[in-house]
Amino acid sequence: MANNNIDNAFTARSKTGAAFEPTYSGALSFMRRKYTKDVKGADAVVWGIPFDAAVTNRPGARFGPQAIRRASAILDNDPQYPFSRDLFEHLAVVDYGDCLLDSGNHQKTPGTIEREAAKILKSGAFLLTLGGDHFVTWPLLKAHAAIHGPLALVQFDAHQDTWPDDGKRIDHGSFVGRAVKEGIIDPDRSIQIGIRTHAPDTFGIKILHGHE
Numbered sequence: 011m012a013n014n015n016i017d018n019a020f021t022a023r024s025k026t027g028a029a030f031e032p033t034y035s036g037a038l039s040f041m042r043r044k045y046t047k048d049v050k051g052a053d054a055v056v057w058g059i060p061f062d063a064a065v066t067n068r069p070g071a072r073f074g075p076q077a078i079r080r081a082s083a084i085l086d087n088d089p090q091y092p093f094s095r096d097l098f099e100h101l102a103v104v105d106y107g108d109c110l111l112d113s114g115n116h117q118k119t120p121g122t123i124e125r126e127a128a129k130i131l132k133s134g135a136f137l138l139t140l141g142g143d144h145f146v147t148w149p150l151l152k153a154h155a156a157i158h159g160p161l162a163l164v165q166f167d168a169h170q171d172t173w174p175d176d177g178k179r180i181d182h183g184s185f186v187g188r189a190v191k192e193g194i195i196d197p198d199r200s201i202q203i204g205i206r207t208h209a210p211d212t213f214g215i216k217i218l219h220g221h222e
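Numbering-wise (the working numbering), the sequence shown opens with residue 11 and increments by one.
And the structure:
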């Protein structure tokens, strides 16, 4: 295991190796991973998207990346249960920081997210994103589909997110329907789990309701 260091997010020399710091101090990267924009050699890249301007109810999801990083810092100095080995000794995981968005021009948001995601994915690394409201999923799906083709979506949600959409709205409740219509998602290979609300169209996606 790596030596105990303070602010491992900035002082780490390698993308691998565990890091354990007091939970109340130190730089709050995701699970104390190294902060870097250099994704060469990374197996997985963690990226925050602090955006919630698409919500139709209460805001607050913009603080999600920050809150997840803070919670992820609560780590034991033993291998994470149920694993018998330290995964970070074998996987190079880095924290890419957050997506820079123009809070005064939300129409630019999807393009900004898609372009930056495409740049990360080009490295061949697995991309783990921290939201953010559900609207940010749409440009992320576009970036992945540009590489892999139509995607199979496994969605854990209370809502189907298939409400009518004109293709221009910045709305967190319609990204699935839009993605299906654009050929980004293959509905025949997709499933939504935990649904407990109604929507006018399922777009042929298999649904496993919350009570099932």
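Even for Gly, the Cβ is constructed at its ideal location relative to N, Cα and C.
Note that the coordinates shown come from a computational prediction; the quantities given were computed from them, not determined experimentally.
Range of the contiguous beta strand (DSSP E) that encloses residue i
i	result
residue 40	That residue, residue 40, is in no beta strand (DSSP E); it is neither H nor E in DSSP.
residue 226	Nothing can be reported for residue 226: it is not among the residues displayed for the chain, which extend from 11 to 222.
residue 141	136-141
residue 34	Taken as a continuous stretch (DSSP letters only), residue 34 belongs to no beta strand (DSSP E), as it is neither H nor E.
residue 180	Note, residue 180: premise wrong, no beta strand (DSSP E); not H, not E.
residue 108	103-108
residue 224	One cannot answer for residue 224 here, as it falls past the ends of the chain, which runs 11 to 222.
Whole-Å CB distance - residue i paired with residue j, under 8 Å assumed
i	j	result
residue 10	residue 202	A question about residue 10 goes unanswered here, because the residues of the chain that appear run from 11 up to 222.
residue 217	residue 205	5 Å
Cβ neighbour criterion (16 or more within 10 Å) applied to residue i
i	result
residue 112	exposed
residue 13	Note that residue 13 scores a pLDDT of 49, beneath 50, so its modelled location is shaky; the value from the coordinates is reported in the next line. Exposed, because fewer than 16 other Cβ atoms sit within 10 Å of the Cβ of residue 13.
residue 152	buried
residue 11	Confidence at residue 11 is low in this model, with a pLDDT of 45, below 50, so its placement is unreliable and the value that follows should be read with caution. Exposed.
residue 164	exposed
residue 31	buried
residue 133	exposed
residue 183	buried
residue 110	exposed
residue 185	buried
Run of the alpha helix (DSSP H) containing residue i, from where it starts to where it stops
i	result
residue 117	First-last for residue 117: undefined, no H or E at that position.
residue 81	74-82
residue 157	147-158
residue 20	18-21
residue 190	185-191
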